[in-house]
Amino acid sequence: MSTRRLEEQYRAAVRWYPPRWRRRFGDSMVGVLLDVADSEGRRTPVLGELVDLRRRALVEWLNALVPEAVRTLVASLSTGALAAFSLVYCCFVTSPAGFDATATSGRLPTFGPFLNASPLFIAPVLVMASAAFAGSRLLAHLVGVVALVGVVVAAHVRFATGNWNGPGSTTLAFVALTVVAANVGDPRRRRPALAAFGVVGVASALLGVMRLPSGRPWEYQFVGDAGWWTFVLSPWALAGAGLLVLVAVVVLVLTRQRIWAAAIAVTWLPWAAAATVTMRVFAGEAADALVIAFGSIVLAVATARRARASGSAPEENSSKPFA
Numbered sequence: 317m318s319t320r321r322l323e324e325q326y327r328a329a330v331r332w333y334p335p336r337w338r339r340r341f342g343d344s345m346v347g348v349l350l351d352v353a354d355s356e357g358r359r360t361p362v363l364g365e366l367v368d369l370r371r372r373a374l375v376e377w378l379n380a381l382v383p384e385a386v387r388t389l390v391a392s393l394s395t396g397a398l399a400a401f402s403l404v405y406c407c408f409v410t411s412p413a414g415f416d417a418t419a420t421s422g423r424l425p426t427f428g429p430f431l432n433a434s435p436l437f438i439a440p441v442l443v444m445a446s447a448a449f450a451g452s453r454l455l456a457h458l459v460g461v462v463a464l465v466g467v468v469v470a471a472h473v474r475f476a477t478g479n480w481n482g483p484g485s486t487t488l489a490f491v492a493l494t495v496v497a498a499n500v501g502d503p504r505r506r507r508p509a510l511a512a513f514g515v516v517g518v519a520s521a522l523l524g525v526m527r528l529p530s531g532r533p534w535e536y537q538f539v540g541d542a543g544w545w546t547f548v549l550s551p552w553a554l555a556g557a558g559l560l561v562l563v564a565v566v567v568l569v570l571t572r573q574r575i576w577a578a579a580i581a582v583t584w585l586p587w588a589a590a591a592t593v594t595m596r597v598f599a600g601e602a603a604d605a606l607v608i609a610f611g612s613i614v615l616a617v618a619t620a621r622r623a624r625a626s627g628s629a630p631e632e633n634s635s636k637p638f639a
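528 is the number that this note's numbering gives to position 212 of the sequence shown; each next residue is one higher, with no gaps.
1) Who are the near neighbours of Ala639 in its chain, counting only those whose CB is closer than 6 angstroms to its CB and skipping five residues on each side?
2) Whole angstroms are fine: how far does the CA of Pro503 sit from the CA of Ser421?
3) For Glu631, which residues from the same chain have a beta carbon less than 7 angstroms from its beta carbon, with the 5 sequence-adjacent residues on both sides left out?
4) Here's the rule: buried if 16 or more other CB atoms are within 10 angstroms of the residue's CB, otherwise exposed. What is Ser355?
5) Specify the secondary structure class of Phe513 as computed by DSSP and reduced to three states.
6) With Leu554 and Thr594 assumed to form a contact (beta carbons below 8 angstroms), what rounded beta-carbon distance in angstroms separates them?
7) Whose C-alpha, out of Gly364, Arg321 and Trp377, is nearest the C-alpha of Leu350?
8) Can you tell which of Val352, Val346, Gly611 and Ala399 has the C-alpha that lies nearest to the C-alpha of Met444?
9) Mapping the DSSP letters down to three states, classify Phe430 as helix, strand or coil.
10) Nearest by alpha-carbon distance to Ala512: which of Phe449, Ser344 and Trp480 is it?
11) Let me know the secondary structure DSSP gives Glu601 once reduced to three states.
12) Buried or exposed for Ser485, please, with buried defined as at least 16 other CB atoms from any protein chain shown within 10 angstroms of its CB.
13) Of all the beta strand (DSSP E) runs that stay within the bounds of the region 456-499, which reach a length of 3 or more residues?
14) Between the C-alpha atoms of Ser626 and Gly501, what's the straight-line distance to the nearest angstrom?
15) Take Ile575 and list the residues in its own chain whose beta-carbon comes closer than 6 angstroms to its own, dropping the five residues that flank it on each side.
16) Could you give the residue range of the alpha helix (DSSP H) that holds Val348?
17) For the alpha helix (DSSP H) that contains Phe401, what are its first and last residues?
18) Starting from Ser550, follow the alpha helix (DSSP H) in both directions and report where the run begins and ends.
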């Protein structure tokens, strides 16, 4: 293969990158690749080289949408928040503790010692969070894939057994979206992850014990999957959380903490999806559901754009080629 043919292959791979990135790094990248190939006496790319170039291109496109610094915080915050959600959900929905079998009509299909198949994704989520806290990014990402598979299998188990305790579609979709958010960047920022774990864990546990919409507060009792989104993370509780997120993001923007503002706004999106569904389905408030969905998306997009404009654009913040 001629040098010209080799250059054409490299330039074809570089065309996968965002236009701004290509303008800044494209020619120098091709030059480095050709110099390395010439020094090694090659006239063809090494095995997997073109695949790796395209993989890096996809990462740069992701950076062009959401800066890497934002994605790192989103991954860490989502990891901690989802771990806390999973633990509290397990206590109030999955665990047989507090479950009164005489209060239900008919036999409740179980999943071993558990009241539904949620351990199929709860266990991987907790391992994923542990791996991130321990500093293993690769293991965290690999177990994240296992968690997504667990969500799919749990859905099949639920439909196969007809378990009224779920896990329901809202839970499954929320967990899947949050797992994806936890894997869009490096989840090993411990302080943000632990902060999210604490806030979500304490808030959801308190809401689970209080269960204000049920009229029976301050009792630890099985609530079921539907009750989780009706009495614990109720539509109005999630709407209130969204309002707090809005206030926090505005304050962070005004104080020029734009990376944090964007990270919190993007991290909120899976929760906004759950709030939208529960507000529409459980509360029957279509207009409020639309406001939550539209407002959350606008907030995330606007803050991400501000984060890029503040100096976190991919061409300024991403690593140099081959670094």
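Note that CB positions come from ideal geometry on N, CA and C, so glycine has one too.
Looking at the coordinates:
1) The predicted model places Ala639 with a pLDDT of 35, which falls under 50 and marks its position as unreliable; any figure quoted below should be read in that light. Hits under 6 angstroms: none found.
2) Only weak support exists for where Ser421 lies, its pLDDT of 49 falling under 50; the value from the coordinates is given anyway. Their backbone Cα atoms lie some 44 angstroms apart in a straight line.
3) Since pLDDT at Glu631 reaches only 37, below the 50 mark, its modelled position is unreliable, and the value read off the structure follows with that caveat. If we look at Glu631 and ignore the five residues flanking it on each side, its Cβ neighbours are Arg336, Trp337 and Arg340.
4) Ser355 sits exposed, since fewer than 16 C-beta atoms from the chains shown fall within 10 Å of its C-beta.
5) Phe513 carries a helical assignment under DSSP once its states are collapsed to helix, strand and coil.
6) In this structure Leu554 is in contact with Thr594, their Cβ atoms being roughly 6 angstroms apart against a cut-off of 8 angstroms.
7) Here the closest residue by C-alpha is Arg321.
8) Checked all of Val352, Val346, Gly611 and Ala399; the closest Cα to Met444 is Ala399.
9) Correct three-state label for Phe430: strand.
10) The option with the nearest alpha carbon to Ala512 is Phe449.
11) Under the three-state reduction of DSSP, Glu601 is assigned to coil, being neither helix nor strand.
12) Within 10 angstroms of the beta-carbon of Ser485 lie fewer than 16 other beta-carbons, which makes it exposed.
13) Considered as a whole, the region 456-499 harbours no complete run of any beta strand (DSSP E) with no fewer than 3 residues.
14) Their backbone Cα atoms lie some 19 angstroms apart in a straight line.
15) Excluding positions up to five away in sequence, the list reads Ala385, Val386 and Ala623.
16) That run of the alpha helix (DSSP H) goes Asp343 to Ser355.
17) Unbroken alpha helix (DSSP H) run through Phe401: Glu384 to Tyr405.
18) Note, Ser550: premise wrong, no alpha helix (DSSP H); not H, not E.
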